Structure formats: structure tokens, C-alpha cells
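Visitor:
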Amino acid sequence: MDRKWFYQDEGFTVYRTTNNLFLVESAEGDYQLFEANPHKINTLRLMKSADRHNNALHYRYANDGELVQIHDDAYLTDIRLHYDEITQTLTVGDPPPRTRRKNAGHLYL
Numbered sequence: 001m002d003r004k005w006f007y008q009d010e011g012f013t014v015y016r017t018t019n020n021l022f023l024v025e026s027a028e029g030d031y032q033l034f035e036a037n038p039h040k041i042n043t044l045r046l047m048k049s050a051d052r053h054n055n056a057l058h059y060r061y062a063n064d065g066e067l068v069q070i071h072d073d074a075y076l077t078d079i080r081l082h083y084d085e086i087t088q089t090l091t092v093g094d095p096p097p098r099t100r101r102k103n104a105g106h107l108y109l
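Using full-length UniProt numbering, you'd call the opening residue of the sequence shown number 1 and step up by one each time.
Now the structure itself:
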């Protein structure tokens, strides 16, 4: 790590690497790894969070910068996020299929 700051009032330490990755360590041993957000100047985005036993969650982003996946190392926890462009709403998991009714109420997917 290139630089280190300790925030006594808040009880955490921030480390900065030479390639602008930031690691926040809490007094309890929790860690959050941040990188520069390529879509918003002067902001960071969360890449990984872990506890002192290295139980971790990883955060993946689409090319447009939206968070699309949260998973653990073994993918036992795997959350997929889908955004609807028209309504600007978020769906967790598989998005519902698009449906339409035709002729006497039959349902088509």
C-alpha cells in the first residue's frame, strides 16, 4: 500500500495503492475494496467486501456502470440485478418474462 490514513473518531483505516485502489479496514476487521468509478469523476465504486475470515462478496458492474451482480467466491450467493430502461426500476433475480394474451385468453411468452 502506498498511503495509509487512520480515522480515530470513526475507527477505520484507509489504504491507497499506487494504482488508486482504496481499501477501508474497520476496527472489527471488515474490509471494503473500492476502485475509481469510470462513469463518475471523483467517485469510487465498491468492488469487494470481506470480513476478517475472508468471507467476501464481489460486486460486478455493466459497461454503463450499473451494478449487475453480487456474488461470493463459490457463487453460493449469486444475486443478479436487472434494470428496466423504460420504467427505471430494478429487478432482483431473473426478470419476469414478457407476456401477451392472444385469442381467447391464451398466454404467450
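Every residue gets a Cβ at the ideal spot worked out from N, C-alpha and C, and that includes glycine.
Source: prediction; values computed, not measured.
Roughly how many angstroms separate the alpha carbons of residue 90 and residue 39, rounded to a whole number?
Guide: 19 Å
Visitor: Measure how close the beta-carbons of residue 71 and residue 64 come, nearest whole angstrom, since I'm counting them as under 8 Å.
Guide: About 20 Å; that fails the 8 Å criterion.
Visitor: Tell me the DSSP secondary structure of residue 86 in three-state form.
Guide: coil
Visitor: What does the Cβ neighbour count give for residue 92, buried or exposed, with the cut at 16 atoms within 10 Å?
Guide: exposed
Visitor: Could you pull the start and end residues of the beta strand (DSSP E) that residue 66 belongs to?
Guide: Run containing residue 66: none; DSSP gives neither H nor E here.
Visitor: Residue 74 by DSSP, collapsed to three states: which one?
Guide: The answer is coil: DSSP assigns residue 74 none of H, G, I, E or B.
Visitor: What is the DSSP secondary structure of residue 91, counted as helix, strand or coil?
Guide: DSSP places residue 91 in strand when its eight states are reduced to three.
Visitor: Can you name, in chain order, every residue of its own chain whose Cβ lies under 7 Å from the Cβ of residue 42, other than the five neighbours on each side?
Guide: none
Visitor: Nearest to residue 29 by alpha carbon, out of 19, 20, 66 and 13?
Guide: 13
Visitor: Compare the C-alpha of residue 76 against each of 21, 55 and 35 and name the closest.
Guide: 55
Visitor: Taking C-alpha atoms, which residue in 69, 66 and 3 lies nearest to residue 22?
Guide: 3
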